[in-house]
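Below is one structure, written out as structure tokens; the observations come after it.
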Amino acid sequence: MQDAPVTIAGFSIDPDVAREFIRIRLSGFFSVDDIERFEAELLRVHQRMGCGRKGGPLTVTDVTGMSIQSQDVVSRWGKFLANPAHRSRRLAFVTGSTLARMQLERASAGRGARVFTDAAEAEAWLFADDASRPA
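As structure tokens, this is what we get:
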């Protein structure tokens, strides 16, 4: 029996300054070091966007390409999400996996984030009239 392939962590951060919106894509299997690299890059993007003015950007994070993560990594994602330095006015996740949804809900507890299976639905929720509440 062959071991399942391990996929290398990857991410992209696409800011839309005019709409104060960030689209993030995460893929693969992350290590704690990968999360720290991602966090540093996201903080740079937030600084360039001036995201502190209105309580942060609207953020959608697509994790459909992400592998199920280890418990240490899920715990580190929880610390990342709790850090007020990169709060979002609203935070939506897109995933197709039930297990990934459960990991996201656990890591983002208390953030008011929502998890969707459809990216268009997630973005519609982000831009709804009551999008001023921080997540």
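In terms of the working numbering, the sequence shown has 88 at position 108, counting the first letter as 1, and numbering is strictly consecutive.
For glycine and all other residues, C-beta sits at the position ideal for the given N, C-alpha and C.
Item	Value
Which whole-angstrom value describes the C-beta separation of glycine 30 and serine 68, a residue pair presumed to lie in contact below a C-beta threshold of 8 angstroms?	Glycine 30 to serine 68, Cβ: 14 angstroms. No contact.
How long is the line joining the alpha carbons of alanine 87 and leucine 61, rounded to whole angstroms?	7 angstroms
In terms of alpha-carbon separation, which member of Gln83, Arg(-1) and Ile(-7) lies closest to glycine 58?	Gln83
Please classify phenylalanine 96: is it buried, with 16 or more other beta-carbons within 10 angstroms of its beta-carbon, or exposed?	buried
Give me, in chain order, the residues of the same chain whose beta-carbon lies closer than 7 angstroms to that of alanine 65; leave out the 5 immediate sequence neighbours on both sides.	Leu23
Residues in the same chain with beta-carbon distance under 7 angstroms from threonine 44, minus the five sequence neighbours each way, listed in chain order, please.	Val74, Thr75 and Gly76
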